[in-house]
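Step one of this worksheet: look at the structure below.
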Amino acid sequence: MPRCTTGRSTRSSEALKPLPGGAFGPNGTIDGWPKPAHMPAMTELDRIRNFSIVAHIDHGKSTLADRLIQMTGTVAERDMKAQLLDAMDIERERGITIKANSVRIEYPAKDGKTYILNLIDTPGHVDFAYEVSRSMRAVEGSLLVVDASQGVEAQTLANVYQAIDAGHEIVPVLNKIDLPAADPERVKENIEDVIGLDASDAIPISAKSGMGIPDVLEAIVTRLPAPKGDRDAPLKAMLVDSWYDSYLGVVVMIRVMDGVIRKGDRIKMMQTGAVYGVDKLAVLKPQMVDIPELGPGEIGIWTGSIKQVRDTRVGDTITTEKKGTDKPLPGFKPAQPVVFCGLFPVDANDFDDLRDAIEKLQLNDASFSSEMETSAALGFGFRCGFLGLLHLEVIRDRLEREYDLDLITTAPSVVFKLHMKDGEVRDLHNPADMPDLTYVDHIEEPRIKATIMVPDEYLGDVLKLCQDRRGIQLDLTYAGNRAMVVYDLPLAEVVFDFYDRLKSVTKGYASFDYQISEYREDTLVKMSILVNDEPVDALSMMVHRDRAESRGRAMCEKLKDLIPRHMFKIPIQAAIGGRVIARETLSAMRKDVTAKCYGGDATRKKKLLEKQKAGKKKMRQFGKVEIPQSAFIAALKMDD
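So the working numbering is basically just the index in the sequence shown, starting at one, shifted up by 860.
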């Protein structure tokens, strides 16, 4: 399974030291500014700023969030730690943000007013773009963080376009200006050329050391717009996120657009019609702080004895049960899984534990879907849907760590559309479920629009890689010595190891982003793998007809090395329908039955060998080939 190689390393404790010259006061705030008093129940709209931080992976989003929290004294100095908003162990270990996290900051500005800043720290990886898109709808502005040594990358583009689509005011921030390779002027030009934003007043900072952070805080207050809303209108709030807490039940994060929500209110979900009481109302600082009410423009959380996360649909509109609003907010599309694979326990006795673990994870991650399936080779398991390969890896790692399970992951596949001859259109999630081709008119596969940014010297290798994966070049532009190439690629060719190969051929300098564009017809076939004439459904895959033979040969050669020898010959075949396209034969272990024949007639030896041959033929007919779990895992890793 491909590994993510782009996580940012965990910052050292240096990041948490005060600035030289006593920039922090004794209570962790900036010198000369009083520590904010406890927030009032009612906040004026012009004193609220809601913003997110968007950037490519490892450009310093979470480190900037740490400095903003630290410099405003939101968290006591003794409680500060690097990547404070990355709460999950796997986020801290891999150094990536997976879940968008929110925090409320109180900032006493230079104009004498205390402002409420609601910050949402978003993920940078393409697999978690869904987290970014829904966070954008809850805020009015964004800080665009760009590494001053690397410049604009593919995911910078993707995230900033989401912010522009949401109508955000954007403040460019140049991070890591203290690095020897930093070139702020070149990166400003890069932002203007590639994104089209005016970067003349971009703020130079070092989020690690704290340099320039007061300028960022002032820019948030002066350059980002205040939210709009009517306090006297009926309650209208957007459901931004929800997660399961073992003590409180389902915790719901909301952004209030109009009206006021108070503790004790009876509120209604407009999509489902369900009614709940507001038991607890709080804001995240980043620990929960109870408050009596939330007004327009504010972001907070509430609980109301909700048992399941699936009862709270992200994007739903929340209003009061009586005298509520009639018109819901537009909301946003639910997450659509694009990569599917089977998860099976190594020990069949762990199936019930796996089912419980998956149900618990789904409470915390609404974009992860699953349904039960059975496999002749692997037994009972689940067919699971993910937003991408990193999402798949994160879920699998969490299942193995948090629930102590040993799992087998089948080859990832995408959803194909089958157009049947009777006019019906079916979704094919698992290649093993492919119906007879005589009933299928044609098959469509998902295509993606991929944006790759790469230094000029590696461009040829990238173009060759994309062509080898059935790509169609759409665009090629330059910004300085970096090329931005846009390709139309089949998603099925990308989900295996495309990202790893891209990093390999460009020595890690390329950045990659994609979005699903359309479904398109192509000559696709189901390739089955047969071991001893028995189909192994877990190794079935959909392939392009032109590449089926080479793919089948590679798989047979790999299995020949992985399956241990038995007492009989084992044929390993790749087949399309009833036609075998590749074959390897695993020779039998044989006993030397002629060892005791000293001299004598040659027919005596022949007779013994024929007897052994007949026994092995019978053995092959009734014998069962045991394929070890390690062979499955190795075979499912894409060949080079």
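We put the beta carbon where it would ideally sit given N, CA and C, even for glycine.
Beta-carbon proximity check, residue i vs residue j, cutoff 9 Å
| i | j | result |
| --- | --- | --- |
| threonine 1179 | isoleucine 1127 | yes |
| arginine 1439 | cysteine 1416 | no |
| leucine 965 | isoleucine 929 | Sequence inspection shows isoleucine at residue 965; the leucine mentioned does not correspond to that position. Yes, the Cβ-Cβ distance between isoleucine 965 and isoleucine 929 is below 9 Å. |
| valine 1138 | arginine 1115 | no |
| valine 1322 | valine 1365 | yes |
| alanine 1067 | proline 1032 | no |
| alanine 1408 | methionine 1427 | no |
| threonine 923 | asparagine 1035 | yes |
| valine 1198 | valine 1285 | no |
| methionine 1402 | isoleucine 1441 | no |
| alanine 1023 | valine 1111 | no |
| leucine 1399 | isoleucine 1423 | no |
| asparagine 961 | glutamate 1158 | no |
| phenylalanine 1204 | isoleucine 1268 | yes |
| leucine 1349 | arginine 1307 | yes |
| histidine 919 | glutamate 1013 | yes |
| leucine 1288 | leucine 1297 | no |
| arginine 1405 | threonine 1383 | yes |
| aspartate 1053 | alanine 1339 | yes |
| isoleucine 1037 | isoleucine 1065 | yes |
| aspartate 1153 | glycine 1202 | At residue 1153 the sequence reads glutamate, which differs from the aspartate that was named. Not in contact: glutamate 1153 and glycine 1202 (Cβ atoms no closer than 9 Å). |
Residue i (DSSP reduced to helix, strand or coil)
| i | result |
| --- | --- |
| leucine 1313 | According to the sequence displayed, residue 1313 carries methionine and not leucine. Here methionine 1313 sits in strand by DSSP. |
| serine 1364 | helix |
| cysteine 1416 | helix |
| aspartate 906 | helix |
| alanine 1343 | strand |
| methionine 1098 | strand |
| isoleucine 1055 | coil |
| asparagine 1290 | coil |
| leucine 832 | An answer regarding residue 832 cannot be provided, because it is not within the stretch 861 to 1500 covered by the chain. |
| tyrosine 1107 | coil |
| lysine 1466 | helix |
| phenylalanine 1211 | helix |
| arginine 1411 | helix |
| lysine 1386 | strand |
| methionine 996 | helix |
Distance between residue j and residue i (C-alpha atoms, nearest Å)
| i | j | result |
| --- | --- | --- |
| asparagine 1290 | proline 1431 | 25 Å |
| serine 1060 | glutamate 1049 | 9 Å |
| aspartate 1101 | glutamate 1078 | 28 Å |
| glycine 1160 | aspartate 1025 | 24 Å |
| leucine 1039 | serine 1009 | 7 Å |
| lysine 1096 | tyrosine 1359 | 42 Å |
| threonine 1270 | leucine 1351 | 17 Å |
| aspartate 946 | arginine 1256 | Legend: pLDDT at aspartate 946 = 46, less than 50; position of this residue unreliable, no value from coordinates given. |
| leucine 1247 | arginine 1258 | 16 Å |
| aspartate 1092 | glycine 1119 | 6 Å |
| aspartate 1125 | proline 1094 | 13 Å |
| lysine 1220 | valine 1174 | 18 Å |
| glutamine 1196 | serine 1229 | 9 Å |
| tryptophan 1103 | valine 1206 | 29 Å |
| valine 1385 | aspartate 1421 | 26 Å |
| valine 1131 | glutamate 1317 | The question names valine, but residue 1131 is glutamine in the sequence shown. Answer to the nearest angstrom: the Cα atoms are 52 Å apart. |
| tyrosine 1263 | arginine 1380 | 40 Å |
| isoleucine 980 | leucine 1144 | 11 Å |
| proline 1272 | leucine 1249 | 8 Å |
Continuous alpha helix (DSSP H) stretch holding residue i: start and end
| i | result |
| --- | --- |
| histidine 1251 | 1249-1262 |
| asparagine 1019 | 1014-1025 |
| glycine 1137 | Counting along the chain, glycine 1137 falls outside any alpha helix (DSSP H), though it belongs to the beta strand (DSSP E) covering 1135-1137. |
| aspartate 1075 | 1073-1083 |
| aspartate 1150 | Where aspartate 1150 is concerned, there is no enclosing alpha helix (DSSP H), although the beta strand (DSSP E) it sits in stretches over 1148-1150. |
Endpoints, the beta strand (DSSP E) within which residue i is located
| i | result |
| --- | --- |
| isoleucine 917 | Neither: isoleucine 917 is in no beta strand (DSSP E) and is coded neither H nor E. |
| glutamine 1433 | 1430-1436 |
| proline 1205 | 1199-1205 |
| arginine 1355 | Per the sequence shown, residue 1355 should be read as valine rather than arginine. Neither: valine 1355 is in no beta strand (DSSP E) and is coded neither H nor E. |
| glutamate 1031 | The sequence as given places valine at residue 1031; glutamate does not occur at that position. Residues 1029-1035. |
| lysine 1324 | Per DSSP, lysine 1324 belongs to no beta strand (DSSP E); it is in the alpha helix (DSSP H), 1319-1328. |
| histidine 1279 | 1276-1280 |
| phenylalanine 1246 | 1239-1246 |
| asparagine 961 | 961-968 |
| threonine 1163 | 1159-1163 |
| methionine 1501 | The question about residue 1501 has no answer here: the residues shown for the chain are numbered 861 through 1500. |
Heavy atom of the ligand COA within 8 Å of residue i beta-carbon
| i | result |
| --- | --- |
| valine 1110 | Here there are no bound small molecules, and the ligand COA is not part of this structure. |
* Asked: With a cut-off of 8 Å, do at least 3 Cβ pairs link the region 1365-1374 to the region 1306-1326?
  -> yes
* **Three or more C-beta pairs below 8 Å linking the region 996-1009 and the region 1024-1040** => yes
* Three or more beta-carbon pairs under 8 Å between the region 1338-1353 and the region 1237-1250, yes or no? -> no
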